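Just so we're aligned: the sequence shown equals residues 72 to 307 in the working numbering. Below: the structure, in structure tokens.
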Amino acid sequence: MPTISENIELIQHRIEALANQNHRSNEEIMLLAVTKTRSPAEIRQAYDTGLRNFGENYLQEAIEKIEQLENLDICWHFIGTIQSNKTRIIAEHFDWVHSVDRFKTAQRLSSQRPDNKSPLNCCIQVNISGEESKGGVAPENVTSLALAINKLANINLRGLMVLPLATDNPEIQQQSFEKTAQLFESIRVQLPQLDSLSMGMTGDMDTAIAAGSTIVRIGTAIFGPRNHSDKTRGQQ
Ligand SMILES: *Cc1c(COP(=O)(O)O)cnc(C)c1O
Numbered sequence: 072m073p074t075i076s077e078n079i080e081l082i083q084h085r086i087e088a089l090a091n092q093n094h095r096s097n098e099e100i101m102l103l104a105v106t107k108t109r110s111p112a113e114i115r116q117a118y119d120t121g122l123r124n125f126g127e128n129y130l131q132e133a134i135e136k137i138e139q140l141e142n143l144d145i146c147w148h149f150i151g152t153i154q155s156n157k158t159r160i161i162a163e164h165f166d167w168v169h170s171v172d173r174f175k176t177a178q179r180l181s182s183q184r185p186d187n188k189s190p191l192n193c194c195i196q197v198n199i200s201g202e203e204s205k206g207g208v209a210p211e212n213v214t215s216l217a218l219a220i221n222k223l224a225n226i227n228l229r230g231l232m233v234l235p236l237a238t239d240n241p242e243i244q245q246q247s248f249e250k251t252a253q254l255f256e257s258i259r260v261q262l263p264q265l266d267s268l269s270m271g272m273t274g275d276m277d278t279a280i281a282a283g284s285t286i287v288r289i290g291t292a293i294f295g296p297r298n299h300s301d302k303t304r305g306q307q
């Protein structure tokens, strides 16, 4: 079995190669290590290779790890479903939230963000495939939501996040990512400061980077397959 640090090196090389192929700068693509179900010791190994951005889906699990690793210089990203009675915990413990899909949630995150912290970095989650069971905003409502969230005092709106339909069909994958990237560009006409497009996981990172992703969220390719039957795609 390759080690975590070997896996990270491989992925970093792959990101570099993909950036080159797509005439993009390697530096505009963040490798976000997704650590749901992973132990603090595994996170520590990834941290020791130089990674600083880590993403978690489940709040209770995340808070325990954040507290155990509080002496490390980690930027924590929340990428799971947001329950509205949990916004305070998120606003207090995380640096980024990728899964905002309602104005009310953003409003609560903004008002609950502690004064001694910088504004919370947020992405709006887009339901690009129109799946009924999935979180995320319908594409036609994203621009008005972005304009409203952008006015909140303690939110730093950064861009969009997408978790497209689980499929092995690369063409459908590519279409979802390209649609999201087009939506992102159309919002940037009004909000040119937006700089983040969170898309791509272990199985679809290449397609996502080709379409313009600036944050890839990678779990399995770094840490190996997850044992638990966690509901990755449903985020819960
Ligand atoms: C689990 C998860 C990932 C990482 O998935 P892998 O396939 O293990 O790379 C990325 N994004 C979200 C929202 C997830 O829940």
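For glycine and all other residues, C-beta sits at the position ideal for the given N, C-alpha and C. Model, not experiment: these values are computed from the prediction.
{"Asked": "Distance between Thr-176 and Gln-306 (C-alpha atoms, nearest Å)", "Found": "Below a pLDDT of 50, predicted positions are generally treated as unreliable, and Gln-306, at 45, falls in that range; the measurement from the model is reported next regardless. Roughly 17 Å between the two C-alpha positions."}
{"Asked": "Cβ-based neighbour list, Gln-116, same chain, cut-off 6 Å, excluding 5 preceding and 5 following", "Found": "Ile-75"}
{"Asked": "Neighbour-count burial assignment, Lys-302, 16 or more Cβ in a 10 Å radius", "Found": "Note that Lys-302 scores 49 on pLDDT, short of 50, meaning its location in the model is unreliable and no value can be drawn from it."}
{"Asked": "Closer than 7 Å: Arg-288 CB and nearest ligand 3 heavy atom", "Found": "Absence of ligand 3 is noted for the structure shown, with ligand 1 being the only ligands found."}
{"Asked": "Ile-195 CB to nearest heavy atom of ligand 1 below 7 Å", "Found": "no"}
{"Asked": "Any non-hydrogen atom of ligand 1 closer than 7 Å to Ile-150 Cβ", "Found": "yes"}
{"Asked": "Nearest-angstrom Cα separation, counted from Gly-151 out to Tyr-129", "Found": "6 Å"}
{"Asked": "Met-101 beta carbon near ligand 1 (any heavy atom closer than 7 Å)", "Found": "no"}
{"Asked": "The region 230 to 243 / the region 107 to 114 touching (three or more Cβ pairs under 8 Å)", "Found": "no"}
{"Asked": "Three-way DSSP call (helix, strand, coil) for Val-168 in this model", "Found": "strand"}
{"Asked": "For Glu-77 and Leu-143, the rounded distance between their alpha carbons", "Found": "21 Å"}
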